[in-house]
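Position one of the sequence shown corresponds to residue 15 (the numbering used here), numbered consecutively onward. All residues carry an ideal CB built from backbone N, CA and C; glycine is no exception. Predicted, not measured: the structure shown is a model, and the values here were computed from it.
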Amino acid sequence: MFNFEFYNPTKILFGKGQIASIAKEVPADARVLLTAGGGSIKANGVYQQVIDALAGRTIIEFWGIEPNPEYATLMKAVELGRKEKIDLILAVGGGSVLDGSKFIAAAIPFDGEPWDILNKGAAVNTATPLASILTLPATGSESNTFAVISRRETGEKLAFGSVHVYPKFAVLDPETTFSLPPRQVANGVVDAFCHVCEQYMTFPADAHIQDRFAESILKTLIEVGPRTLANPTNYDDRATFVWSATLALNGLIGAGVPQDWATHMIGHELTALYNIDHARTLAVVMPHLFRVQSAQKEAKLLQYAERIWGVTSGAPAERIEAAIAKTEEFFESMGLPTRLAKYDNIQDGTPALVAEKLQSRGFAKLGEKGEVGPEQVVEILTRSLAA
Ligand code: NZQ
Ligand code: ZN
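Next up, the structure:
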């Protein structure tokens, strides 16, 4: 196991009716900037629960943070937050609202051009306090340090991370997710599954507890994912899914182990180019990346084949292919295509274009050992474009 530091200060408030508990978390005299997306929280009653819980506080609202949150929109919230001298940002929504709010939190006190945080990796030394009420289990954003922000004018989708944007608390009430459209539930299951794989499908590091944690999340998602998609208001299944998605990317399973993230980096470029949902980009990249990197990932792919899919017979290459095929079947059964060819309007030359874009951003060598270079990116996407 590698040396590591593990620090996750986000207080989790999990379960039915927990929005009411924020009354004890938010000071009575706080000036709160409530950030939200396009209106789902009004339609499902979450907004009213938040307003009731915050009775007596000064609440300033900012609506319109879009899926794949947009820099220009967020900068309007930064201006509002500075003008109103807010004490707390309360992000209410899915990963996009939470990510956007992390950026707002970092940008409000930032001295300089806030785009530098994303583009140049400028240090975030402080942030406005932030808390979250999650309505879409998928990203883990509710209790991690990361945010991914888009800038459509330049075709960029870039990430940053800072301990200063850890939410102070995260409310996870599974009932707030009952209103999700099936597509978002399926996306969430696959996103969480891929988060685990990015931290697991690398090379053995004698990190047995992390491996077993990761495997338990994968098995749980395979079991509960289809059930919660079919029965969206079954509380227990939804609660299991919500907690799985949080644990998939809150730092725990990734502590002390090698990590990959090449699938995510390639996927972000596909979203920037074609506006494909985040999880859907992962489903068209990850299985092909496993094939292209099967020699580098052999030991973990074999462990995955055996422990997750029960594949124990055949030559190593056959077992690996069987496990990758089962992964594809799982994604497809959730309604996510595993071939980029299934999407309309993919321009000729896309594999080379994505490789170039990654290179131009200084990401020429991706993966746990830096072995996913431009050539491999082209191969992965070329395979995904084959019918
Ligand atoms: O905008 P509203 O009206 O709220 O509607 C949203 C949005 O249209 C809707 N929605 C959310 N909760 C709902 C609901 N509809 C009905 N009922 C509810 N309870 O769902 C739509 C999609 O929301 P979005 O927040 O975009 O989805 P998701 O949570 O999948 O977030 C995706 C974003 O997170 C980034 C992705 O790149 C993408 O930009 N990621 C963030 C990560 C992180 N912070 O660690 C890691 C991930 O790998 C990922 O990159
Ligand atoms: Zn993801």
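A contact is defined here as three or more CB-CB pairs under 8 Å, and the region 249-268 meets this definition with respect to the region 142-154. Around the beta carbon of Gly169, fewer than 16 other beta carbons lie within 10 angstroms, which makes this residue exposed. Ligand 2 has a heavy atom closer than 7 Å to the beta-carbon of Asp205. Judged by DSSP in its simplified three-state form, Ser374 adopts helix. Here DSSP, grouped into helix, strand and coil, assigns Ser176 to coil.
Within the region 113-139, the alpha helix (DSSP H) runs of at least 4 residues that lie entirely inside it are, in chain order, 129-133. In the three-state reduction of the DSSP assignment, Ala141 falls in the coil class, being assigned neither a helical nor a strand state.
In the structure shown, the three-state DSSP call for Gly109 is helix.
DSSP, reduced to helix, strand and coil, places Leu263 outside both helices and strands of the structure shown, so it counts as coil.
Rounded to the nearest whole angstrom, the CA to CA distance from Asp113 to Glu342 is 28 Å. Comparing alpha carbon positions, the residue from Gln373, Leu88, Val40, Lys97 closest to Ser110 is Leu88. A distance below 8 Å separates the beta carbons of Ile267 and Val210.
The straight-line gap separating the alpha-carbon atoms of Val299 and Arg71 is approximately 46 Å.
Distances taken from the Cβ of Cys211 to the heavy atoms of ligand 2 include none shorter than 7 Å. DSSP places Ala184 in the strand class (E or B) of the three-state scheme. Taking C-beta atoms under 8 Å as the contact rule, Val271 and Phe16 qualify, at a distance of about 7 Å. Put simply, the backbone Cα of Ala286 is about 32 Å away from that of Gly59. According to the DSSP assignment, Ile26 belongs to the beta strand (DSSP E) that extends over 25-28.
When the five nearest sequence neighbours on each side are left out, the beta carbons in the same chain lying within less than 6 Å of the beta carbon of Lys340 are those of Trp323, in order along the chain.
Around Ala369, the same chain offers Pro388, Val391, Val392 as residues with beta carbons nearer than 6 Å, after the five sequence neighbours per side are excluded. Following the DSSP letters along the chain, one finds Ser164 inside the beta strand (DSSP E) bounded by residues 160-165. Contact annotation: Pro351 and Ala400 have beta-carbon atoms that are not nearer than 8 Å.
Where Phe76 is concerned, the enclosing beta strand (DSSP E) starts and stops at 72-76. Straight-line measurement puts the Cα of Asp251 at about 40 Å from the Cα of Trp129.
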